[in-house]
Amino acid sequence: MASAINVDVAELAGLIVEAVLYGVFLILFLEAMYLTYMRRKRVKANKILVSVAAIMLILATIQLVADTANIFLAFINRSRAERIEFLHDVSQPVFILKHTTLILMLLVSDSFVTYRCWIIWDKVIWIVVLPICLCLGSAVTGFHAIWSFQHFHAETRTAQEKWLISISSLSLAANAVSTALAAFRIWHRSRKTAKVVGATTSSLMPVVKIVVESGALNAAYMLANTITLAAGTEGLETMAELGTPLVGCIFMLVIMRVCINSEQTGTSANSKTGMALHSMPRRSGEAGDERSGAGRRVVISQKVFVTRDYVQDTEGGTEGKPDASYTV
Numbered sequence: 001m002a003s004a005i006n007v008d009v010a011e012l013a014g015l016i017v018e019a020v021l022y023g024v025f026l027i028l029f030l031e032a033m034y035l036t037y038m039r040r041k042r043v044k045a046n047k048i049l050v051s052v053a054a055i056m057l058i059l060a061t062i063q064l065v066a067d068t069a070n071i072f073l074a075f076i077n078r079s080r081a082e083r084i085e086f087l088h089d090v091s092q093p094v095f096i097l098k099h100t101t102l103i104l105m106l107l108v109s110d111s112f113v114t115y116r117c118w119i120i121w122d123k124v125i126w127i128v129v130l131p132i133c134l135c136l137g138s139a140v141t142g143f144h145a146i147w148s149f150q151h152f153h154a155e156t157r158t159a160q161e162k163w164l165i166s167i168s169s170l171s172l173a174a175n176a177v178s179t180a181l182a183a184f185r186i187w188h189r190s191r192k193t194a195k196v197v198g199a200t201t202s203s204l205m206p207v208v209k210i211v212v213e214s215g216a217l218n219a220a221y222m223l224a225n226t227i228t229l230a231a232g233t234e235g236l237e238t239m240a241e242l243g244t245p246l247v248g249c250i251f252m253l254v255i256m257r258v259c260i261n262s263e264q265t266g267t268s269a270n271s272k273t274g275m276a277l278h279s280m281p282r283r284s285g286e287a288g289d290e291r292s293g294a295g296r297r298v299v300i301s302q303k304v305f306v307t308r309d310y311v312q313d314t315e316g317g318t319e320g321k322p323d324a325s326y327t328v
């Protein structure tokens, strides 16, 4: 299929979009870190989230530098024909660097989504066996493609399309499966809690929205990337260049949503996972009510990586105010 645009145009357009998205990503990163550490008096910052965010920033910076260098090398002191030939050479070190960076970014993103699913499912490893296999399959396929680029100089982008499509498809599947499992778990736990304390205090819809929306944004990019690869156009270079900062932006939005929801509910938080149902310790004056259960307070902790604690007073049939907290 004849390409609608040439590779040099696609690369230049991709760099412009990437630079804009990198600027957005940097702003979101600073805001997310501010919101995270602003709450340290009440909530201990999650080291895993902060580490993943820092890794994504480093990878996005490396790719922006690599893509900028690629454009300079291609456009300076080269004719149009030489420029196109240079950009089609998949064995160029700068080409290897930027595509390795993209594969690493997808691996980090997919690994985090899988980790989040594992936490939500109370660290039951067999639940995430399929997402882990898909994630590793995407990484192995990606690094095999990079190895082919380095060692088989005669191969072109077209010859490697099958590998690129496999990377994108496996990453899309890993993201979709992990997101679906996590959302189902939260929804199921929410329904079980509603039977105990009532629907008004057991709703975890904000948590479900954060999980589903972040997964949907990732899946939308991967789907668009897969379609572009299957179409065989040079637009794949544009998609590859905007991928790294876009994935980073999505991750930063997750952190910000969690922090903002926490501030809106004005809560204290903890950073445990799992689900606990227990009675709070009684005061000495409440000992006489032990048989009837009057005056008992029930604390139901829904800990699903984003934590919400519900407190209900059962005396007199009155409902207590939910104490909700979101942990990053």
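Following full-length UniProt numbering, the numbering of the sequence shown begins with 1 at its first residue and continues without gaps. All residues carry an ideal CB built from backbone N, CA and C; glycine is no exception. Computed from a predicted model, the values in this text were never measured in an experiment.
Check whether the Cβ atoms of residue i and residue j sit closer than 9 Å, and answer yes or no.
| i | j | result |
| --- | --- | --- |
| Met-56 | Val-108 | yes |
| Ala-174 | Ser-214 | no |
| Gly-248 | Phe-72 | no |
| Ala-19 | Leu-49 | no |
| Leu-253 | Glu-161 | no |
| Asp-8 | Phe-75 | yes |
| Thr-114 | Ser-178 | yes |
| Thr-226 | Ser-169 | yes |
| Ala-32 | Ala-10 | no |
| Ala-183 | Val-212 | yes |
Using only the alpha-carbon positions, how far apart do residue i and residue j sit?
| i | j | result |
| --- | --- | --- |
| Tyr-22 | Pro-245 | 5 Å |
| Val-258 | Arg-185 | 18 Å |
| Gly-235 | Thr-193 | 48 Å |
| Gly-274 | Cys-117 | With a pLDDT of 36 at Gly-274, under the threshold of 50, the modelled position of that residue is not reliable, and no figure is offered here. |
| Gly-243 | Ser-171 | 13 Å |
| Pro-93 | Ile-27 | 30 Å |
| Ala-219 | Leu-97 | 24 Å |
| Leu-106 | Trp-121 | 23 Å |
| Val-124 | Thr-61 | 35 Å |
| residue 397 | Gly-142 | With the chain covering 1 to 328 only, the question about residue 397 has no answer from this structure. |
| Ala-240 | Lys-209 | 27 Å |
| Arg-189 | Leu-181 | 12 Å |
| Thr-36 | Ile-255 | 8 Å |
| Ile-58 | Asn-46 | 19 Å |
| Ala-287 | Trp-126 | Note that Ala-287 scores 43 on pLDDT, short of 50, meaning its location in the model is unreliable and no value can be drawn from it. |
| Arg-51 | Ile-260 | The sequence given here has Ser at residue 51, not Arg. In a straight line, the C-alpha of Ser-51 is about 20 Å away from that of Ile-260. |
| Leu-223 | Phe-112 | 19 Å |
| Ile-5 | Ile-84 | 12 Å |
Which residue marks the beginning of the alpha helix (DSSP H) containing residue i, and which one marks its end?
| i | result |
| --- | --- |
| Trp-121 | Counting along the chain, Trp-121 falls outside any alpha helix (DSSP H), and DSSP gives it neither H nor E. |
| Val-129 | 129-151 |
| Arg-80 | 80-88 |
| Asn-70 | 47-75 |
| Glu-31 | 7-38 |
Is residue i near the ligand SAM, judged by its Cβ being under 8 Å from some heavy atom?
| i | result |
| --- | --- |
| Trp-118 | No copy of the ligand SAM occurs in the structure displayed, which carries no ligand at all. |
At a Cβ threshold of 9 Å, is residue i touching chain B?
| i | result |
| --- | --- |
| Ala-53 | Absent here is chain B; the protein component of the structure consists of one chain. |
When you compare the stretch 122-136 with the stretch 88-98, are there three or more beta-carbon pairs, one atom per stretch, that lie closer than 8 Å?
no
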